[in-house]
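Per the working numbering, the very first residue in the sequence shown carries number 8; after that it's consecutive. The next block holds one structure in the form of structure tokens; read it before the comments.
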Amino acid sequence: MNLKHAQYILTVLKEGSITSAAKKLYVSQPSLSQMIKLAENNLGAPIFNRNTDPITLTYAGRKYVEAAKQVMTINQNLAREIQEINQEDHGVIRLGIPVQRAMQVMPYVFPKFHHLYPMVNLDLTESGSAVIESMVLEGALDLACLTAYPKHEELNYILIEQEDLVLLASKNTSIAKRIPSGSEISITEAKGESFICSKPGHSVRTTQDRLFVMYDIQPRILFETMSIEVAKRTAVACDAVFICPINYIEMSPELHPHCNVYPIKGIENQRSCYVCHRKDLYLTKYMKSFIQILTEMDMPVLH
């Protein structure tokens with residue numbers, strides 16, 4: 008298998024069309040089409056169904072992509088092993104992490120890691136947990152620090168901490184006037200409140216939507232945001248409510264006089280924070296060290 012061909016084909020699959028992939032790869036569309044044709048000739052079967060939008064794989068194409076990902080992982084692992092033999096303390100970690108998690112983790116983890124490995128660079132991708140989990144699966148990231156429910160057999164999930172979801176309510180909301188802060192509630196108690204919500208795709212939103220369906224609630228949503236920091240402050244300012252992890256409230260003591268916090272009944276699976284990587288990834292010494300710092304570190308803002 009030609010690694011360059013494989014990389015180009017994976018890019019076409021990711022971008023959804025030969026035109027978009029050509030722009031991404033900075034090659035002409037005819038050149039990319041010719042490269043794909045050459046790969047298909049070598050394979051002896053078509054790789055793409057070209058009559059679909061976005062472009063899709065044939066059965067042979069799916070087999071090719073499965074093998075391509077394995078070959079590229081082997082190639083990356085070999086490069087890392089050789090690099091570690093030559094330069095144990097030099098390298099790059101491609102790390103995926105949500106912005107809010109980075110605010111908590113990086114000020115505590117990075118100084119210690121950088122002291123141990125000053126010549127190792129952290130290449131950060133800051134996005135939602137679902138996005139970076141997919142990037143780890145695809146091999147685009149080495150490690151991810153994310154909130155998830157372990158569900159992919161190909162990934163190794165290492166627990167960092169468990170989190171409880173709570174309802175944050177402005178002191179001026181009806182629920183805050185009726186029910187003392189700290190009381191465990193059913194989400195139906197907030198049925199008439201205005202909600203600030205995480206955007207679809209955020210793990211909090213997934214749990215929240217399950218609750219709404221379970222209790223037949225049609226929430227009045229003021230707006231949606233990917234930022235927990237924006238949501239919690241706006242909920243207090245707008246006399247609204249917001250479902251979020253308890254640790255994100257505890258890290259903002261300036262909000263405490265202005266809000267009530269309620270544990271929520273009926274949440275079957277509370278959030279957990281993991282660091283994860285592909286099981287077939289070769290972990291360098293500095294990668295293992297980074298994981299160890301994450302899992303052993305006492306981060307007071309999280310408790």
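A virtual CB, placed ideally from N, CA and C, is assigned to each residue, including glycine.
Going by the beta-carbon positions, is the gap between residue i and residue j smaller than 8 Å?
| i | j | result |
| --- | --- | --- |
| F55 | I300 | no |
| F297 | I100 | yes |
| L262 | C245 | no |
| L39 | A29 | yes |
| D130 | P270 | no |
| H206 | E231 | For clarity, residue 206 is Lys in the given sequence; the question names His instead. Against a cut-off of 8 Å, the Cβ pair of E231 and K206 comes out as a contact. |
| I25 | Q36 | yes |
| L148 | L85 | no |
| A197 | V248 | yes |
| L50 | Y71 | yes |
| L10 | V78 | yes |
| V268 | I256 | yes |
| I250 | V211 | yes |
| S279 | L166 | yes |
| T291 | E91 | yes |
| D287 | T80 | yes |
| I274 | T214 | yes |
Below 6 Å CB to CB, which residues in the same chain sit around residue i once its five sequence neighbours on both sides are set aside?
| i | result |
| --- | --- |
| V308 | Residue placement at V308 cannot be trusted, given a pLDDT of 40 that sits under 50; the coordinates are not used to answer. |
| H310 | For H310, the predicted structure reports a pLDDT of 32, less than 50, and the residue's modelled location is therefore unreliable. A value from the coordinates is still provided. So no residue of the chain qualifies. |
| A52 | A67 |
| Q208 | In the sequence as displayed, the identity of residue 208 is Gly instead of Gln. G135, A137. |
| V127 | G98, Y293 |
| R57 | none |
| Y164 | P157, Y281, C283 |
| K184 | none |
So the alpha helix (DSSP H) residue i belongs to, where does it begin and stop?
| i | result |
| --- | --- |
| S177 | It is not in any alpha helix (DSSP H) - S177 instead sits in the beta strand (DSSP E) that spans 172-177. |
| Q41 | 36-50 |
| T232 | Run containing T232: none in the alpha helix (DSSP H); it sits in the beta strand (DSSP E), 227-232. |
| S141 | 136-145 |
| S296 | 292-303 |
| H122 | 106-123 |
| Y15 | 10-22 |
| S188 | First-last for S188: undefined, no H or E at that position. |
| S27 | 25-32 |
| S210 | 210-221 |
Need the endpoints of the beta strand (DSSP E) that residue i sits in, please.
| i | result |
| --- | --- |
| P252 | 248-252 |
| R57 | Neither: R57 is in no beta strand (DSSP E) and is coded neither H nor E. |
| Y164 | 162-169 |
| D130 | 127-133 |
| I203 | 201-205 |
| T195 | That residue, T195, is in no beta strand (DSSP E); it is neither H nor E in DSSP. |
| A151 | 150-154 |
| H263 | Counting along the chain, H263 falls outside any beta strand (DSSP E), and DSSP gives it neither H nor E. |
Exposed or buried, what is residue i when buried is set at 16 or more other beta-carbons lying within 10 Å of its beta-carbon?
| i | result |
| --- | --- |
| P114 | exposed |
| K239 | buried |
| P252 | buried |
| C204 | buried |
| T59 | exposed |
| I16 | buried |
| I235 | buried |
| E160 | exposed |
| Q41 | exposed |
| N254 | buried |
| E200 | buried |
| E319 | What the structure shows of the chain is the stretch from 8 to 310, and residue 319 is not part of that stretch, so it cannot be assessed. |
| A74 | exposed |
I'd like the list of long-range same chain contacts for residue i, defined as Cβ closer than 7 Å, with 5 residues on each side in sequence excluded.
| i | result |
| --- | --- |
| K116 | The identity of residue 116 in the sequence shown is Val, whereas the question assumes Lys. Around V116: I300, L301, M304. |
| V226 | Inspection of the sequence shows that residue 226 is occupied by Pro rather than by Val. Once the five neighbours on either side are set aside, the close Cβ partners of P226 are F202, F219. |
| K31 | T18, E22 |
| E88 | Y289 |
| L123 | S296 |
| K272 | E191, I192, S193 |
Measuring only between beta-carbons, confirm whether residue i sits less than 8 Å from chain B.
| i | result |
| --- | --- |
| M79 | This model lacks chain B altogether; it includes just one protein chain. |
Return the chain-ordered list of same chain residues with a C-beta closer than 8 Å to the C-beta of residue i, the five sequence neighbours on each side being excluded.
| i | result |
| --- | --- |
| T195 | Y222, I224 |
Q | contact_flag[the segment 141-160, the segment 182-196] where n(CB pairs < 8 Å) is 3 or more | A | no
Q) Counting Cβ pairs, one atom from each stretch, are 3 or more of them under 8 Å apart for the segment 172-184 and the segment 100-108? A) no
Q.
Would the segment 150-167 count as touching the segment 276-296 if we require 3 or more Cβ pairs under 8 Å?
A. yes
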